[in-house]
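Heads up, the final residue of the sequence shown is numbered 615 in the UniProt record's numbering, and it's a clean run with no missing numbers.
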Amino acid sequence: VDLSCVGGAERLIVDAAVELTSQGHNVHIFTSHHDKTRCFEETLDGTFPVTVYGSFLPRHIIYRFHAICAYLRCIFVALCVLLRWRASFDVVLADQVSIVIPFIKTMKSTKVIFYCHFPDLLLAQHSTALRRIYRKPIDMLEEATTGMADLILVNSRFTASTFANTFKLLNSRGIQPAILYPAVNVEQFDESTSYKNFLSINRFERKKNIELAISSFSILHSLQDVSEGQYLAGASLTIAGGFDKRLRENVDYLEELKSLAEREGVSDRVNFITSCSTAERNALLSQCLCVLYTPKDEHFGIVPLEAMAAQKPVIACNSGGPVETVKDGVTGFLCDPTPQDFSLAMAKLIKDPSVVDKMGREARQHVSESFSTKVFGQRLNQYLIDVVRGKIFLDCRGSKVSKFLRKKIENDGLRERMMSENTLNRVGVGENETVIEVRTLVNGIDEGVSKSKENNVLEISNVVVEKVKNESSGEEKKHVCVIDVKCDCEKENWDAEKVCRICHLTSDFPSESSDLIQLGCGCKGELGIAHRHCAEAWFKLRGNRCCEICSQAATNITGVGDSRFMQEWNEGSDVNSGNLGARRGYLRGQPFCNFLMACLVIAFVLPWFFRVNIF
């Protein structure tokens, strides 16, 4: 994320960092640019570290190739993280540019959550054949790399439906995003005061449709009942938002808006404020009459939430994200994106201050209950915990089992049997920790509990077994148990027995015997020999709870009921423990990264070098 931008996407990442830090996580932000004179204050106060890589890389090449430059900057950041930090992170939360996902995924111990604010391919222009040729590989990369994330989040139901309609290949594979609404801190605003000032807050970009606010304000002056009642005495319009002089669109659009205000004859009542600080922004929200939110089909929009948190009604377009956040007629008005409809809603508010006060109170309560940063942080924290636990679905075709056992499972009709295993493995010197999540379904409600088991034995492998029983009443589904598959460090009696107790195949070859483990419940003081993959398949896929030696329920089956997952795991976790596996994954993924980089250079940089105008 570019922390020098001050839009809703950047605000969400900063809020996520703040809330996750308050939840006890160690958060580190990596970015390609961070202008300390123009950014959110939370990135400067030391709440979490911010590291910049690649600030020297250009944002465009002669005001062109913005997309490829953004991709190259993000790839550079991802490579720096891979080379310098390796396996230091359990979860990486990426947003906006999905090209970083395959690079981060080379660290096998790291999970990736991608926050899709809106599909980038819908935001880019495809107006000419050459533009479509230019965008085609970028659009294909966006869909392919987005699908590599362990979890995809979107900001609204509108974006979720757009995601499904846009990324049809991912949708056909059953990849559906979860919804995590952005939030706002309701405590940051001053006491509400009402002046006759209409406020519009947006980045100075044409897609924000800011000219609608100016035209609506102009038509408001022509409404007879408003002008005759002297309601417009002292009324004004303030247009504020993020402005970057490095972006030509920002510069050009600001001049267009100023020219429009002059043509409409309201330039003396329209004020333009560029790149205001958070304190100035909050003051503007607290002192306005209402907020005009003009983008059409906006994927979410954080400004309406900020306005309602400041106890101000919102006038917004009746499409996109505002439909999910603004209650029409209660916390504001949803209108057609025309100056006439907006001006009529503005007239209702300026003529009756009591309506403004009532809507403001309802708006603040609405945001506090559904869109506060506290609620946002709790939901995001739960998503992180679920991803770290690693929901994996296995069937016998994708598992490493012997041919004998595979045939046995298929004959038993277990091919379509799938189980959900939530584990997190931490490999250290002389120990293997597995964190297990257990879910008991009672009346269809998922009550998750978990327990972390740590034993100081030379080598321990904890296998999660899920066995679901449908009671005759249909009211309860359980049980979940944990079976310890122990490997004794002393292999004295291995030579005497080299037959796997599960697949009944001998292990006369050194490569096979090295994979043997001792297996059993200890109920007769006896342990048997088994292949590790056979033991895993037997318990994971078959759901067996009986000891292979005595055919009775194993005495070392343990019910799991401790829910202190994050506390115990955070205390025992060592960020450096997975370095070896992550390093191997990194080396295996390097050829793909090199190939991807070569394709990007050939497709985009070389045409520019030879002055091929693809626009």
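A virtual CB, placed ideally from N, CA and C, is assigned to each residue, including glycine.
In this text, all values refer to a predicted model and were calculated from it rather than measured experimentally.
- Query: Do the segment 343 to 363 and the segment 223 to 243 make contact, defined as three or more Cβ pairs closer than 8 Å?
  - Reply: Taking one beta carbon from each stretch, the segment 343 to 363 and the segment 223 to 243 have 3 or more pairs nearer than 8 Å; the two touch.
- Message: At the level of alpha carbons, what is the spacing between residue 326 and residue 365?
- Response: Taking the sequence shown and counting its residues from 1, one reaches residue 326 at position 326. Taking the sequence shown and counting its residues from 1, one reaches residue 365 at position 365. About 12 Å.
- To the nearest angstrom, how far is it from the Cα of residue 379 to the Cα of residue 259? Looking up residue 379 in the sequence shown gives position 379. Looking up residue 259 in the sequence shown gives position 259. CA-CA distance, residue 379 to residue 259, rounds to 45 Å.
- Can you tell which of 182, 174 and 212 has the C-alpha that lies nearest to the C-alpha of residue 198? Taking the sequence shown and counting its residues from 1, one reaches residue 198 at position 198. Of 182, 174 and 212, the residue nearest in Cα terms is 212.
- Message: Helix, strand or coil, according to DSSP, for residue 241 in the structure here?
- Response: As a first step, residue 241 is located in the sequence shown; it is residue number 241 there, counting from the start. Reduced to three states, the DSSP call for residue 241 is strand.
- Is residue 293 helix, strand or coil by DSSP? Against the sequence shown, residue 293 aligns to sequence position 293. Here DSSP, grouped into helix, strand and coil, assigns residue 293 to strand.
- Task: Please classify residue 86: does DSSP put it in a helix, a strand, or coil?
- Result: Reading the sequence shown from its first residue, position 86 is the one you call residue 86. Correct three-state label for residue 86: coil.
- Examine chain D for any beta-carbon lying closer than 9 Å to the beta-carbon of residue 28, and answer yes or no. Structure shown: chain D not included; a single protein chain is present.
- Stretch pair the segment 311 to 325 + the segment 284 to 297: three plus CB contacts closer than 8 Å: Segments in contact, yes.
- Query: Thinking C-alpha only, which one of 19, 55 and 71 is nearest residue 376?
  - Reply: By 1-based counting over the sequence shown, the position of residue 376 is 376. Of the residues 19, 55 and 71, the one whose Cα lies closest to the Cα of residue 376 is 19.
- Item | Outcome for residue 127 when other beta-carbon atoms lying within 10 angstroms are tallied against a minimum of 16 | In the sequence shown, residue 127 corresponds to position 127, counting from 1. When all chains shown are included, residue 127 counts as exposed.
- Task: Please name the residue or residues paired with residue 114 in a DSSP beta bridge.
- Result: Taking the first residue of the sequence shown as position 1, residue 114 is located at position 114. In the DSSP assignment, residue 114 forms a beta bridge with 94 and 152.
- Query: Where residue 69 and residue 76 are concerned, what is the direct C-alpha to C-alpha distance, given to the nearest angstrom?
  - Reply: The count along the sequence shown starts at 1 and reaches residue 69 at position 69. The count along the sequence shown starts at 1 and reaches residue 76 at position 76. Taking the CA atoms as reference points, residue 69 sits about 11 Å from residue 76.
- Message: What does the Cβ neighbour count give for residue 238, buried or exposed, with the cut at 16 atoms within 10 Å?
- Response: In the sequence shown, residue 238 corresponds to position 238, counting from 1. Counting the other CB atoms within 10 Å of its CB gives residue 238 a total of 16 or more, which places it among the buried residues.
- Task: Find out if the Cβ-Cβ distance for the pair residue 372, residue 184 is shorter than 9 Å.
- Result: For the purposes of this step, residue 372 is taken as the residue at position 372 of the sequence shown. For the purposes of this step, residue 184 is taken as the residue at position 184 of the sequence shown. Inclusion of residue 372 and residue 184 in the CB contact set at 9 Å is warranted, their separation being smaller than that value.
- Query: Who are the Cβ neighbours of residue 143 in its own chain at under 7 Å, not counting the five residues just before and after it?
  - Reply: Walking along the sequence shown from the start, residue 143 turns up at place 143. Answer for residue 143: 167, 169 and 170, listed in chain order.
- Task: With residue 332 as the anchor, note down where its beta strand (DSSP E) starts and where it stops.
- Result: The residue given as residue 332 occupies position 332 in the sequence shown. Per DSSP, residue 332 belongs to the beta strand (DSSP E) from 332 to 335.
- Spatial neighbours of residue 310 in its chain, beta-carbon cut-off 6 Å, leaving aside the 5 residues before and after: On the sequence shown, position 310 is the one that residue 310 refers to. Closer than 6 Å at Cβ, skipping near neighbours: 189, 285 and 286.
- Taking the C-alpha atoms as reference points, what is the distance between residue 274 and residue 12? Within the sequence shown, residue 274 is the residue found at index 274, counting from 1. Within the sequence shown, residue 12 is the residue found at index 12, counting from 1. Roughly 21 Å between the two C-alpha positions.
- Item | Distance between beta carbons of residue 177 and residue 152, contact taken as under 8 Å | By 1-based counting over the sequence shown, the position of residue 152 is 152. By 1-based counting over the sequence shown, the position of residue 177 is 177. Between residue 177 and residue 152 the Cβ distance is about 4 Å, and since that is below 8 Å, they are a contact.
- Mind checking residue 114: buried by the 16 CB within 10 Å criterion, or exposed? For this step, residue 114 is matched to residue 114 along the sequence shown. Under the 10 Å beta carbon count, residue 114 is surrounded by 16 or more other beta carbons and is classified as buried.
- Task: Check the DSSP bridge columns for residue 69 and list the partner residues they point to.
- Result: Here residue 69 refers to the residue found at position 69 of the sequence shown. Note: residue 69 sits in no beta bridge, so no partner.
- Message: Quick check on this structure: which residue in 180, 116 and 81 has the alpha carbon closest to the alpha carbon of residue 105?
- Response: To locate residue 105, count along the sequence shown from 1; it is residue 105. Selected option, being the one with the closest Cα: 81.
- Message: I'd like to know whether the C-beta atoms of residue 257 and residue 210 end up nearer to each other than 9 Å.
- Response: Taking the first residue of the sequence shown as position 1, residue 257 is located at position 257. Taking the first residue of the sequence shown as position 1, residue 210 is located at position 210. Judged by beta-carbon spacing, residue 210 lies within the 9 Å limit of residue 257, meaning their Cβ atoms are closer than that value.
- Please name the residue, chosen from 225, 173, 244 and 214, that lies closest to residue 33 on a Cα-to-Cα basis. Stepping through the sequence shown from its first residue, residue 33 is reached at position 33. Of the residues 225, 173, 244 and 214, the one whose Cα lies closest to the Cα of residue 33 is 244.
- Query: In chain order, what residues of the same chain lie with their CB nearer than 8 Å to the CB of residue 200, ignoring the 5 residues before and after it?
  - Reply: As a first step, residue 200 must be located in the sequence shown, where it is residue number 200. The residues are 210, 213, 237, 238, 239, 240, 241, 291, 292, 293 and 294.
- Query: Which term fits residue 90, buried or exposed, when burial requires 16 or more other beta carbons within 10 angstroms of its beta carbon?
  - Reply: Position 90 of the sequence shown holds residue 90. With a threshold of 16 other beta carbon atoms within 10 Å, residue 90 meets it and is buried.
- Cutoff 8 Å; reference residue 208; Cβ partners in own chain excluding five residues on either side: Here residue 208 refers to the residue found at position 208 of the sequence shown. The residues are 202, 241, 294 and 295.
- Sort 141, 25 and 14 by Cα distance to residue 41 and report the nearest one. Counted from its first residue, the sequence shown places residue 41 at position 41. Nearest C-alpha to residue 41: 14.
- Check whether the Cβ atoms of residue 103 and residue 159 sit closer than 9 Å, and answer yes or no. Taking the first residue of the sequence shown as 1, we reach residue 103 at position 103. Taking the first residue of the sequence shown as 1, we reach residue 159 at position 159. Note that the C-beta distance between residue 103 and residue 159 is not below 9 Å.
- For the beta strand (DSSP E) that contains residue 51, what are its first and last residues? Taking the first residue of the sequence shown as position 1, residue 51 is located at position 51. Following the DSSP letters along the chain, one finds residue 51 inside the beta strand (DSSP E) bounded by residues 50 to 52.
- Item | residue 140 versus residue 9: straight-line alpha-carbon distance, rounded | The count along the sequence shown starts at 1 and reaches residue 140 at position 140. The count along the sequence shown starts at 1 and reaches residue 9 at position 9. Counting only the Cα atoms, residue 9 lies some 23 Å from residue 140.
- Query: For residue 165, does the three-state DSSP call read helix, strand or coil?
  - Reply: Along the sequence shown, read from residue 1 onward, the residue named residue 165 stands at position 165. DSSP places residue 165 in the helix class (H, G or I) of the three-state scheme.
- Task: Look at the alpha carbon of residue 266 and the alpha carbon of residue 253, and state the distance between them as a whole number of angstroms.
- Result: Here residue 266 is taken as the residue at index 266 of the sequence shown, counted from 1. Here residue 253 is taken as the residue at index 253 of the sequence shown, counted from 1. Residue 266 and residue 253 have their C-alpha atoms some 18 Å from each other.
- Query: Counting along the chain, where does the alpha helix (DSSP H) carrying residue 57 start and finish?
  - Reply: Mapped onto the sequence shown, residue 57 falls at position 57. Careful: residue 57 lies outside any alpha helix (DSSP H) and carries neither H nor E.
- Message: Would residue 16 and residue 93 qualify as a contact pair, given that the criterion is a beta-carbon distance under 9 Å?
- Response: The residue given as residue 16 occupies position 16 in the sequence shown. The residue given as residue 93 occupies position 93 in the sequence shown. Contact: yes.
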